[in-house]
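> Residue numbers (the numbering used here), protein chains in the order written: chain A, 494 to 816; chain B, 244 to 534.
1) Cβ atoms of residue 444 (chain B) and residue 268 (chain B): under 8 Å apart, would you say?
2) Counting Cβ pairs closer than 8 Å, one from the region 699-712 of chain A and one from the region 671-690 of chain A, do we hit at least three?
3) Give me the residue from B:298, B:430, B:424 and B:440 with the minimum Cα distance to residue 402 (chain B).
4) Using a Cβ-Cβ cut-off of 8 Å (strictly less than) and excluding sequence neighbours within five positions of residue 389 (chain B), which residues of its own chain qualify?
5) Among B:519, B:488, B:502 and B:504, which residue has its Cα nearest to the Cα of residue 271 (chain B)?
6) First and last residue of the alpha helix (DSSP H) that includes residue 347 (chain B)?
7) Taking only beta-carbon atoms, is residue 339 (chain B) less than 8 Å away from chain A?
8) Let me know the secondary structure DSSP gives residue 515 (chain B) once reduced to three states.
9) Along chain A, which residues have their Cβ under 7 Å away from the Cβ of residue 508 (chain B)?
10) Cβ closer than 9 Å: which chain B residues qualify as neighbours of residue 734 (chain A)?
11) Which residues of chain A have a Cβ atom closer than 8 Å to the Cβ of residue 261 (chain B), listed in chain order?
12) If we cut at 8 Å on Cβ distances, does residue 760 (chain A) have a partner in chain B?
13) So residue 363 (chain B) and residue 462 (chain B) are supposed to be a Cβ contact under 8 Å. How far apart are they, rounded?
14) Just the chain B side, please: which residues come within less than 7 Å of residue 788 (chain A) by C-beta, in chain order?
15) Determine which residues share a DSSP beta bridge with residue 558 (chain B) and list them.
16) Across the region 763-771 of chain A and the region 297-311 of chain B, are there enough close Cβ pairs to call them in contact, namely three or more that are closer than 8 Å?
17) Applying the criterion that 16 or more other CB atoms from any shown protein chain within 10 Å of the CB defines a buried residue, is residue 779 (chain A) buried or exposed?
18) Please classify residue 535 (chain A) as buried or exposed, where buried requires at least 16 other C-beta atoms within 10 Å of its C-beta.
19) For the region 247-273 of chain B, enumerate the residues whose C-beta is nearer than 7 Å to any C-beta of chain A, in chain order.
20) With 8 Å set as the bound, which would you pick, yes or no: does the beta-carbon of residue 468 (chain B) sit closer than that to a beta-carbon of chain A?
21) With a threshold of 7 Å on Cβ separation, who are the neighbours of residue 604 (chain A) within its own chain once the five nearest residues in sequence on each side are excluded?
22) For the region 714-742 of chain A, which residues have a CB atom closer than 9 Å to at least one CB atom of chain B, in sequence order?
23) Less than 8 Å between C-beta atoms, sequence neighbours within five positions excluded: which residues of the same chain meet that for residue 657 (chain A)?
24) When you compare only the Cα positions, how much space is there between residue 543 (chain A) and residue 769 (chain A)?
25) What does residue 405 (chain B) reach in chain A if we use C-beta pairs closer than 7 Å?
26) Going along the region 656-675 of chain A in order, which residues come within less than 7 Å of chain B, judged by CB to CB distance?
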């Protein structure tokens with residue numbers, strides 16, 4: 494089990510270093526960098542949010558959700574829907590990502606109640622199918638714009654300002670999710686989840702109410718992607734089922750967490766940052782299809798050469814202190 | 244609602260069910276024997292469908308002729324894939340999960356290669372007999388669907404006979420039941436798994452062509468086939484051939500009949516609901532018997 498960085502030697506360096514990086518990141522938009530860098534980093538933050546949220550159920554409890562994009566998409570559609578129906582102001586739209594997160598969490602409760610009773614591959618495949626089905630449902634409901642999707646009126650501000658605003662909000666959300674993940678990790682909830690991952694029967698005999706813990710974890714891990722989806726809908730100003738329910742996103746999340754090793758916040762962070770940067774570069778500089786082919790190959794490579802994540806891969810080379 | 248209409252829906256349901264079963268058989272075998280969930284399974288089916296499409300448009304031959312080439316290619320391709328990709332991951336901590344991520348990567352590669360080669364437009368196999376049907380009383384049996392069902396029956400029977408009548412097939416069964424025991428009896432696990440994987444991929448190809456006889460297809464369609472396959476395998480029990488065949492028919496009848504009452508696009512939602520209910524009642528499958 495990965496120790497919290499606070500306890501090991503490297504943790505003493507990590508904390509001030511992390512704080513320093515954070516301050517630099519926060520101040521970055523003030524130097525009026527090209528909008529491209531802001532949107533690129535925004536995407537990185539978004540993926541960190543998704544991967545760390547996934548880590549709550551996937552990493553800590555070992556329940557691998559292959560359909561997490563559903564919650565992201567549900568959040569996106571909730572915000573778009575609220576904005577259209579209520580004619581929300583820009584600030585109102587940004588705030589409406591909170592109810593969007595709640596809707597996503599509620600769906601997670603509903604779907605989690607039956608699905609979390611399934612283990613291992615059954616859970617993985619049923620969540621995967623769930624994401625396809627949500628995609629289909631949204632696509633067939635008139636009020637959500639069907640296949641064409643929905644347009645959201647953009648903020649009437651210069652593009653660099655809008656980019657900077659979303660950059661800061663997503664950065665804030667990312668920090669919040671990381672802190673919450675670390676808090677969960679050390680809480681009774683986290684301990685319970687880790688016991689479930691090791692041996693669910695033992696957890697039950699120890700008096701851990703496993704169904705309740707799992708559903709709380711699943712709800713939390715859907716809440717933040719819901720918020721992120723709501724924000725992203727406004728950021729894009731246009732959403733369609735193809736975009737926000739893209740199964741690629743689901744799988745990227747799993748791959749990021751697995752690439753990092755799963756179960757630790759730093760693993761998720763490393764995985765999300767490195768893979769989303771690769772993703773950004775690939776999709777920016779090469780056509781989408783070729784980018785995806787390379788991505789698919791990357792998946793295969795990661796699993797074959799690092800079946801237990803990059804952290805363990807590094808550990809094998811004697812870097813014990815890193816985690 | 245007339246009796247003929249119900250009977251018609253029932254029969255098209257049965258014809259459809261056969262194809263679901265054919266798609267599911269290989270998926271079930273790899274899961275049962277190799278402990279590998281092959282997310283890319285249906286993508287190989289789509290690939291075979293495109294090869295058939297290419298045969299009928301470029302060479303103006305019947306799409307069925309393509310099977311002579313595509314099935315052996317898929318069989319040997321599957322064996323090579325097993326050697327190169329599947330075997331290395333059996334050493335991972337959790338083979339099933341790793342195999343899912345790995346084959347997902349494979350599915351993405353296949354899907355996008357197909358998108359790149361054939362574009363995203365929906366295609367349809369257009370054999371000379373499309374649009375024709377045999378009539379039994381007032382009930383119509385469209386010939387392409389009957390042929391597709393015939394492919395399913397032949398495919399599933401061949402796999403069944405292989406497993407029960409040949410030495411290698413019995414070795415596959417033994418491996419499925421007790422891996423270590425099978426190895427102790429001198430069964431070469433690598434070879435058996437390799438053959439199973441090749442066979443499963445070839446069966447997927449046959450299923451894909453059968454599916455394409457009935458419906459339009461495009462590269463991402465394998466995601467939806469996957470839902471059906473998973474449903475069939477869960478209902479039939481992992482690794483059980485007869486269970487899979489029976490489950491396919493049941494699923495076909497249910498979707499066929501419900502198509503008479505609800506719009507087509509909601510069928511997937513219905514099948515997903517069914518999947519959840521069945522998993523909750525009997526996660527081990529409805530017919531947990533032998534192969």
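Virtual Cβ for every residue (Gly too), placed ideally from N, Cα, C.
Keep in mind the model is a prediction, meaning the values are calculated, not measured.
So, from the data block:
1) Taking a C-beta distance under 8 Å as the contact criterion, residue 268 (chain B) and residue 444 (chain B) do not qualify as a contact pair.
2) In this structure the region 699-712 of chain A lies against the region 671-690 of chain A, because at least three pairs of beta carbons, one per stretch, are closer than 8 Å.
3) Selection B:298, B:430, B:424 and B:440 evaluated against residue 402 (chain B) yields B:440 as nearest (Cα-Cα).
4) Answer for residue 389 (chain B): 258 and 377, listed in chain order.
5) When only C-alpha atoms are compared, the closest one is B:488.
6) Element bounds for residue 347 (chain B): 338-361.
7) Yes, residue 339 (chain B) lies at the interface with chain A (some Cβ there is under 8 Å from its Cβ).
8) Three-state result, residue 515 (chain B): helix.
9) Result: 629 and 633.
10) Here the premise fails: no neighbours, minimum Cβ distance about 12 Å.
11) Those within 8 Å of residue 261 (chain B) in chain A number zero; the least Cβ separation is about 22 Å.
12) No, because no Cβ of chain B sits closer than 8 Å to the Cβ of residue 760 (chain A).
13) Correct: roughly 7 Å between the Cβ atoms.
14) Near residue 788 (chain A) (Cβ distances below 7 Å), the residues of chain B are 351.
15) This structure does not reach residue 558 (chain B), given that chain B is present from 244 up to 534, and the question cannot be answered.
16) In this structure the region 763-771 of chain A does not touch the region 297-311 of chain B; the number of beta carbon pairs closer than 8 Å is below three.
17) Classified as exposed, residue 779 (chain A) has fewer than 16 neighbouring CB atoms from the shown chains inside 10 Å of its CB.
18) Result: buried.
19) Residues passing the 7 Å Cβ filter: none.
20) Not an interface residue.
21) In chain order, 623 place their CB closer than 7 Å to the CB of residue 604 (chain A), counting only its own chain and leaving out the 5 sequence neighbours on each side.
22) Along the region 714-742 of chain A, going in chain order, the ones with a CB nearer than 9 Å to a CB of chain B are 740 and 741.
23) Close CB contacts of residue 657 (chain A) within its chain, under the 8 Å cut and outside five residues either way in sequence, are with 522 and 531 (chain order).
24) If you draw a straight line from the Cα of residue 543 (chain A) to the Cα of residue 769 (chain A), it is about 11 Å long.
25) Per Cβ cutoff of 7 Å: no residues; residue 405 (chain B) is ~26 Å from chain A at best.
26) Cβ contacts with chain B come from no residue of the region 656-675 of chain A.
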